[in-house]
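These protein sequences, in sequence, are chains A and B.
For the first sequence, the working numbering gives the first residue as -18, with consecutive numbering after it.
For the second sequence, the working numbering gives the first residue as -18, with consecutive numbering after it.
Glycine residues also receive a C-beta, built at the ideal position from the N, C-alpha and C atoms.
2 protein chains.
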Amino acid sequence: MKKLKKYKEQEFIDRGYQYFMRHISVDCVIFGFHENQLKVLLLKWKDLQQWCLPGGFVYKDEHIDLSARRILTERTGLDNIFLKQFYAFGDPNREWSKRKNVPLNLKKGSWLMERFVTIGYWALVEFSKVKPAPDELSDECRWWDVNRIPKLVLDHNNIIEKALESLRINLNDYPVGNTLLPDKFTMPELQQLYETILDKKLDRRNFQKKMIALDIFQRLNERKHGGAHKAPYLYKFNQKKYQKAMKQGLRFGF
Amino acid sequence: MKKLKKYKEQEFIDRGYQYFMRHISVDCVIFGFHENQLKVLLLKWKDLQQWCLPGGFVYKDEHIDLSARRILTERTGLDNIFLKQFYAFGDPNREWSKRKNVPLNLKKGSWLMERFVTIGYWALVEFSKVKPAPDELSDECRWWDVNRIPKLVLDHNNIIEKALESLRINLNDYPVGNTLLPDKFTMPELQQLYETILDKKLDRRNFQKKMIALDIFQRLNERKHGGAHKAPYLYKFNQKKYQKAMKQGLRFGF
DNA sequence: CCAAAAGTGTTGCCTTTACACCCATGT
DNA sequence: ACATGGGTGTAAAGGCAACACTTTTGG
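Structure, rendered in structure tokens:
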């Protein structure tokens, strides 16, 4: 696979289509969880000074899933991330030439000015392990509270909406706890995570019972101190039991 | 939108990329239900003599959903079809130049020989209303039992697999009965439909109760005669109640 | 009249929901 | 000490699976 060196920005703008497929891009909605808030990782374009999703293009001989993974690794420093393709956005208005403000001084006729169909992925990462890194075209990369996203570039707000929707629908089948929380966590924290994603309150007592009945957690002889009031137990995922249960079609019940 | 006239086949092969986006295609898995079997509509290539999914390309200014709809209408004669985008297939092996047998006498360098990412849609249609019609490149278009699909072109078998999977997952939320069955139908027929899609037996009595409890059907003063034994009642969807229930998040319970 | 399929009802179980009680901790 | 959040238990409600019985039809 011919790869484009990072520093050759003008080469990318002028002749990127020799390396990448035209008309196809990949955008990633990277979810994290911190201070009881669901977060999304965004980038700020150098020239537009507007925020956008981390995204990129697909090398001519690269699987689209791999493109998404490549982008994720570049932005977060992590590999082996939980990743799901959720939707292809194919509105013909998805092109810069139909916008007033255009990045990179793009000229009419550039391959980047043409219409793109973007494949949307969402990813679940452990907030504390991420080292947000801007790419060559952006000067900032940071977390945003999912409820306070600014007006983004193109249709990226819509992409986040759809990603959230997909995340909610898949909450039953996917290990959001295992991927979004740190290694050790408390039941109230896990509950907060579900409540945030579902955007509704759950009964504390029933939640615990339900989770523990799944028999995929391991309670440690350790409590989380520091907060006021009674210190809650810390839990780990019992990865062995958890993997087994997933194979048998575990459902979390949401 | 510049449209390509049908008869200009050579023009399409040589310069189709002037009308359509490169690297992007749309494939439709059209489901029908007949004689208690789930069916899929397939086409046979004129030259390859191999079967494939109905598919096509996306005009440069056309929404991908509309491309899918266009293809559906051309093949089935129906519009207003229930349609769902379910997955984007982005394996780099999806290209003819990596195959032994190539259709249309395509030469190296042709835009059609390049790699395509295809957006998969599935559609639910009423079997009896469909008039299967081959396109310009195929000489046959007919229904195949979903359990007896032959070896198809490229990764089209895999696309059908994924479509079925998606259909099963969405069985809870989507009106498979309303779209796959004729206007009037019996409960045993509806049950057969669910059993076929889910590939498992359901209890006749519990099924009826559950369905009727949804309060979206209207029982007619009419029975389905002709079969041996007791004649079952005919039902219609009460579209008003049904639409209302769907908006409120009706779940069928599968 | 009989076999097979269709319509209706009942029961018991198990999951979910609601809520009561006690315990621990920092202020 | 006390307000607040955390851990555990129980009882009622509702949904679902299992099964019995009657009715209808073509042969």
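Go ahead and label M(-18)(B) buried or exposed: buried means 16 or more other beta carbons lie within 10 angstroms of its beta carbon, across all protein chains shown. Here residue -18(B) refers to the residue found at position 1 when the second sequence is read from its first residue. Legend: pLDDT at M(-18)(B) = 49, less than 50; position of this residue unreliable, no value from coordinates given.
Name the DSSP bridge partner or partners of V10(B)? Stepping through the second sequence from its first residue, residue 10(B) is reached at position 29. W103(B), per the DSSP bridge assignment.
For G158(A), name the three-state secondary structure that DSSP assigns. In the first sequence, counting from the first residue as 1, residue 158(A) sits at position 177. Three-state result, G158(A): helix.
On the three-pair Cβ rule with 8 Å, is the stretch 88 to 101 of chain A touching the stretch 163 to 179 of chain A? no
What residues in its chain sit with their C-beta under 6 Å from that of F233(A), if we drop five residues either side in the sequence? As a first step, residue 233(A) must be located in the first sequence, where it is residue number 252. Answer for F233(A): N153, listed in chain order.
Leaving out five residues before and five after P169(B) in sequence, what residues of the same chain have Cβ atoms less than 6 Å from its Cβ? As a position in the second sequence, residue 169(B) is number 188, starting the count at 1. Contacts found: P213.
DSSP three-state assignment for E(-8)(A), whether helix, strand or coil: Taking the first residue of the first sequence as 1, we reach residue -8(A) at position 11. E(-8)(A): helix per DSSP, three-state reduction.
Hey, would you say T167(A) sits closer than 7 Å to L215(A), going by beta carbons? Here the question's residue 167(A) lines up with position 186 in the first sequence. Here the question's residue 215(A) lines up with position 234 in the first sequence. In contact: T167(A) and L215(A) (Cβ atoms closer than 7 Å).
Within its chain, find whatever has a CB closer than 7 Å to the CB of E(-10)(A); leave out the 5 residues flanking it on each side and keep chain order. Reading the first sequence from its first residue, position 9 is the one you call residue -10(A). Here the set comprises E117.
Can you check which of these residues, W124(A), L64(A), W103(A), is closest to K112(A) by C-alpha distance? In the first sequence, residue 112(A) corresponds to position 131, counting from 1. Among W124(A), L64(A), W103(A), the Cα nearest to that of K112(A) is on W124(A).
Hey, quick one: how far does the beta strand (DSSP E) through R51(B) stretch, first residue to last? Position 70 of the second sequence, counted from the start, is the residue given in the question as residue 51(B). Element bounds for R51(B): not the beta strand (DSSP E) but the alpha helix (DSSP H), 45 to 57.
Quick one: residues in its chain with C-beta nearer than 7 Å to the C-beta of D196(A), no 5 flanking neighbours on either side, listed in chain order? To locate residue 196(A), count along the first sequence from 1; it is residue 215. These residues qualify, in order along the chain: K222.
Roughly how many angstroms separate the alpha carbons of P35(B) and E16(A), rounded to a whole number? Locating residue 35(B) in the second sequence gives position 54, where the first residue counts as 1. Locating residue 16(A) in the first sequence gives position 35, where the first residue counts as 1. Taking the straight line from one Cα to the other gives about 49 Å.
Kindly say whether D164(B), judged by its beta-carbon, lies nearer than 7 Å to any beta-carbon of chain A. Your numbering for residue 164(B) matches position 183 in the second sequence. Taking Cβ atoms only, chain A never reaches closer than 7 Å to D164(B), which makes this a no.
Rounded distance between the beta-carbons of K110(A) and L148(A), thought under 8 Å: Taking the first sequence and counting its residues from 1, one reaches residue 148(A) at position 167. Taking the first sequence and counting its residues from 1, one reaches residue 110(A) at position 129. Their Cβ separation, rounded to whole angstroms, is 19 Å, which puts L148(A) and K110(A) out of contact at 8 Å.
Since A69(A) sits in a beta bridge, which residues does DSSP pair it with? Taking the first residue of the first sequence as position 1, residue 69(A) is located at position 88. In the DSSP output, where bridge partners are listed per residue, A69(A) has I100(A).
Measuring straight from C-alpha to C-alpha, what distance separates L161(A) and I62(A)? The residue given as residue 161(A) occupies position 180 in the first sequence. The residue given as residue 62(A) occupies position 81 in the first sequence. Straight-line Cα distance between these residues: approximately 10 Å.
In its own chain, which residues sit with a C-beta less than 6 Å from the C-beta of Y102(A), not counting the 5 before and 5 after it? Start at 1 with the first residue of the first sequence, and residue 102(A) comes out as number 121. Taken in chain order, the residues that qualify are C9, A49, L64, Q66.
Between the alpha carbons of R56(A) and E(-8)(B), how many angstroms are there, rounded? Position 75 of the first sequence, counted from the start, is the residue given in the question as residue 56(A). Position 11 of the second sequence, counted from the start, is the residue given in the question as residue -8(B). Cα-Cα distance, rounded: 44 Å.
Let me make sure I understand the geometry here. Which of V83(A), D120(A), N128(A), G230(A) has the alpha-carbon closest to that of T177(A)? Here residue 177(A) is taken as the residue at index 196 of the first sequence, counted from 1. Checking every option, the nearest Cα to that of T177(A) belongs to N128(A).
To the nearest angstrom, report how far apart W137(A) and G90(A) are at their CA atoms. Looking up residue 137(A) in the first sequence gives position 156. Looking up residue 90(A) in the first sequence gives position 109. Looking at the sequence itself, residue 137(A) is His, so the reference to Trp does not match. For H137(A) and G90(A), the distance between alpha carbons rounds to 23 Å.
Which whole-angstrom value describes the C-beta separation of E142(A) and L24(A), a residue pair presumed to lie in contact below a C-beta threshold of 8 Å? Translated into positions along the first sequence, residue 142(A) becomes position 161. Translated into positions along the first sequence, residue 24(A) becomes position 43. Actually they do not touch by this definition, with Cβ atoms about 18 Å apart.
Do you know offhand how far F235(B)'s Cα is from G13(A)'s? Counting from 1 along the second sequence, the entry for residue 235(B) is found at position 254. Counting from 1 along the first sequence, the entry for residue 13(A) is found at position 32. Going from the Cα of F235(B) to the Cα of G13(A) covers about 31 Å.
Between the CA atoms of R80(B) and E146(A) - distance to the nearest angstrom: To locate residue 146(A), count along the first sequence from 1; it is residue 165. To locate residue 80(B), count along the second sequence from 1; it is residue 99. Cα to Cα, the separation comes out at about 39 Å.
May I ask you to list, following chain order, the residues of the stretch 63 to 92 of chain A that have a beta carbon less than 8 Å from some beta carbon of chain B? Q66, Y68, A69, G71, D72, P73
I need the straight-line Cα distance from K20(A) to I130(A), nearest angstrom please. As a first step, residue 20(A) is located in the first sequence; it is residue number 39 there, counting from the start. As a first step, residue 130(A) is located in the first sequence; it is residue number 149 there, counting from the start. Roughly 9 Å between the two C-alpha positions.
Using a cut-off of 9 Å between C-beta atoms, extract the partners of E43(B) located in chain A. Walking along the second sequence from the start, residue 43(B) turns up at place 62. Near E43(B) (Cβ distances below 9 Å), the residues of chain A are G71, P73.
Are N86(B) and L29(B) close, meaning C-beta to C-beta below 7 Å? Locating residue 86(B) in the second sequence gives position 105, counting from the first residue. Locating residue 29(B) in the second sequence gives position 48, counting from the first residue. No. Outside cutoff.
If you drop the 5 nearest sequence neighbours on each side, which residues of the same chain put their C-beta closer than 6 Å to that of I52(B)? The residue labelled residue 52(B) in the question sits at position 71 within the second sequence. Correct list, in chain order: C9, P35, G37.
Quick one: using the 10 Å Cβ neighbour count with 16 as the cut-off for buried, is E107(B) buried or exposed? Translated into positions along the second sequence, residue 107(B) becomes position 126. Looking at its Cβ environment, which holds 16 or more other Cβ atoms inside 10 Å, E107(B) is buried.
Limits of the unbroken beta strand (DSSP E) element including R204(B): Numbered from 1 along the second sequence, position 223 holds the residue referred to as residue 204(B). Element bounds for R204(B): 198 to 204.
Given L183(A), which residues of its chain have a CB within under 8 Å of its CB, disregarding the five upstream and five downstream residues? On the first sequence, position 202 is the one that residue 183(A) refers to. So the qualifying residues of the chain are Q172, Y175, E176.
With a threshold of 7 Å between beta-carbons, can H137(A) be considered close to chain B, or not? Sequence index remark: in the first sequence, residue 137(A) carries index 156 (1-based). It does not: the Cβ of H137(A) has no partner Cβ on chain B nearer than 7 Å.
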